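Peer 1:
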Amino acid sequence: AQSVTQLGSHVSVSEGALVLLRCNYSSSVPPYLFWYVQYPNQGLQLLLKYTSAATLVKGINGFEAEFKKSETSFHLTKPSAHMSDAAEYFCAVSGFGNEKLTFGTGTRLTIIP
Amino acid sequence: EAGVAQSPRYKIIEKRQSVAFWCNPISGHATLYWYQQILGQGPKLLIQFQNNGVVDDSQLPKDRFSAERLKGVDSTLKIQPAKLEDSAVYLCASSSEVGGWETQYFGPGTRLLVL
């Protein structure tokens with residue numbers, strides 16, 4: 005069975021500050037890891053994904069995440085927060101073959117002007 | 059390229075009534091998923107289709123939920139009869155292939171409120 009844990013259901017950062025959203029995973033097989041963003045009343049949009057190539061993954065809107073096997077982590081970062089980054093962020097895990105995508109409970113990011 | 063389309067966007071029904079949701083995936087995408095997202099939680103997979111065949115429906119409450127994907131394109135998810143705990147956003151997603159590494163593209167969702 006696979007699972008992800010997102011630490012912090014709510015995170016607030018000032019505009020221009022570093023964004024750090026935490027995700028730890030549990031998987032019995034080599035994982036594929038994803039970060040999705042959800043804006044109010046919209047579906048989920050892929051930010052980035054790790055599929056066993058480079059451990060540092062760059063995504064859209066200036067976000068990146070680093071796969072750390074020793075720490076079973078896949079934290080999402082952005083050097084400088086923008087007001088438009090306010091949204092809900094979901095970490096998700098799947099595995100080789102047809103392992104279904106399992107989502108975390110989400111982190112709501114608020115940007116303080 | 060058009061995204062995943064869903065309708066209706068909002069639905070309010072009373073418990074014990076029935077309701078149906080429609081999804082049109084991205085053109086050419088063979089795999090289609092239905093998720094349930096309860097407020098404050100991440101999406102949970104209900105059913106996965108590959109073309110018009112079911113790949114995984116292990117978390118679908120089959121006593122009240124049903125889904126079909128006739129002709130391997132559009133899909134319909136039905137709830138009959140609805141319960142209060144079915145209030146949620148129902149998301150449809152599609153991907154070009156089956157595989158854990160595949161990116162899933164999500165529609166805007168249907169927000170269901172059961173009174």
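Sequence lines, in order, name chains A and B.
Here this note's numbering is used: the first residue of the first sequence is 5, the next is one more, and so on.
Here this note's numbering is used: the first residue of the second sequence is 59, the next is one more, and so on.
Note that CB positions come from ideal geometry on N, CA and C, so glycine has one too.
No experiment lies behind these values; they were computed from the predicted model shown.
Which residues, taken in chain order from the region 97-115 of chain B, show a beta carbon closer than 8 Å to some beta carbon of chain A?
Peer 2: From the region 97-115 of chain B, only G98, Q99, G100, P101, K102, L103, Q106, V113, D114 have a Cβ closer than 8 Å to chain A.
Peer 1: Out of A:L48, A:Y43, A:P35, which one is the CA nearest neighbour of E103 (chain A)?
Peer 2: Against the first sequence, residue 103 (chain A) aligns to sequence position 99. Taking only the C-alpha atoms, the option nearest E103 (chain A) is A:P35.
Peer 1: Decide if V23 (chain A) is buried, meaning its Cβ has at least 16 other Cβ atoms within 10 Å, or exposed.
Peer 2: Residue numbering aside, residue 23 (chain A) sits at position 19 when the first sequence is read from its first letter. It counts as buried.
Peer 1: For a contact meaning CB atoms closer than 7 Å, what does S162 (chain B) contact in chain A?
Peer 2: Position 104 of the second sequence, counted from the first residue, corresponds to residue 162 (chain B). Residue identity differs from the one stated: residue 162 (chain B) is Gln in this sequence, not Ser. Chain A residues near Q162 (chain B): L105.
Peer 1: What does the alpha-carbon distance come out to for the pair L113 (chain A) and N82 (chain B)?
Peer 2: As a first step, residue 113 (chain A) must be located in the first sequence, where it is residue number 109. As a first step, residue 82 (chain B) must be located in the second sequence, where it is residue number 24. In a straight line, the C-alpha of L113 (chain A) is about 30 Å away from that of N82 (chain B).
Peer 1: When you check each C-beta in the region 41-52 of chain A against every C-beta of chain B, which residues fall closer than 8 Å?
Peer 2: Correct list: N45, Q46, G47, L48, Q49, L50.
Peer 1: If we count Cβ pairs, one from each stretch, closer than 8 Å, do we get three or more for the region 61-73 of chain B versus the region 109-117 of chain B?
Peer 2: The region 61-73 of chain B is not in contact with the region 109-117 of chain B.
Peer 1: According to DSSP, is D89 (chain A) part of a helix, a strand, or is it coil?
Peer 2: On the first sequence, position 85 is the one that residue 89 (chain A) refers to. Residue state, collapsed to three classes: helix.
Peer 1: Quick one: list the residues of chain A neighbouring G167 (chain B), beta-carbon separation under 7 Å, in chain order.
Peer 2: Looking up residue 167 (chain B) in the second sequence gives position 109. Within 7 Å Cβ-Cβ: G47.
Peer 1: Among B:G157, B:L173, B:R67, B:F79, which has the Cα closest to the Cα of T134 (chain B)?
Peer 2: The sequence position of residue 134 (chain B) within the second sequence is 76, counting from 1. Nearest C-alpha to T134 (chain B): B:F79.
Peer 1: Return the first residue and the last residue of the beta strand (DSSP E) that W159 (chain B) is part of.
Peer 2: The residue labelled residue 159 (chain B) in the question sits at position 101 within the second sequence. Per DSSP, W159 (chain B) belongs to no beta strand (DSSP E) and is neither H nor E.
Peer 1: With DSSP as the reference, please indicate the residues paired to R112 (chain A) in a beta bridge.
Peer 2: Within the first sequence, numbered from 1, the residue matching residue 112 (chain A) stands at position 108. Partner(s): A:H14, A:E92.
Peer 1: With 16 other CB atoms within 10 Å as the buried threshold, where does I96 (chain B) fall?
Peer 2: Here residue 96 (chain B) is taken as the residue at index 38 of the second sequence, counted from 1. Exposed: under 16 other Cβ atoms inside 10 Å.
Peer 1: Please confirm whether L90 (chain B) has its beta-carbon closer than 7 Å to some beta-carbon of chain A.
Peer 2: Walking along the second sequence from the start, residue 90 (chain B) turns up at place 32. Taking Cβ atoms only, chain A never reaches closer than 7 Å to L90 (chain B), which makes this a no.
Peer 1: Can you find a CB in chain B that lies within less than 7 Å of the CB of T59 (chain A)?
Peer 2: For the purposes of this step, residue 59 (chain A) is taken as residue 55 along the first sequence, with counting starting at 1. Output row for T59 (chain A): interface = no.
Peer 1: Is V33 (chain A) buried or exposed, if buried means 16 or more other CB atoms sit within 10 Å of its CB?
Peer 2: The count along the first sequence starts at 1 and reaches residue 33 (chain A) at position 29. The residue is exposed, with fewer than 16 neighbouring Cβ atoms inside 10 Å.
Peer 1: Report the neighbours of G110 (chain A) on chain B: residues whose CB is nearer than 7 Å to its CB, in chain order.
Peer 2: As a position in the first sequence, residue 110 (chain A) is number 106, starting the count at 1. Residues of chain B passing the Cβ test: G100.
Peer 1: Whose CA, out of A:E92, A:F67, A:L11, A:T81, lies closest to the CA of Y29 (chain A)?
Peer 2: If you number the first sequence from 1, residue 29 (chain A) lands on position 25. Nearest option by C-alpha distance: A:L11.
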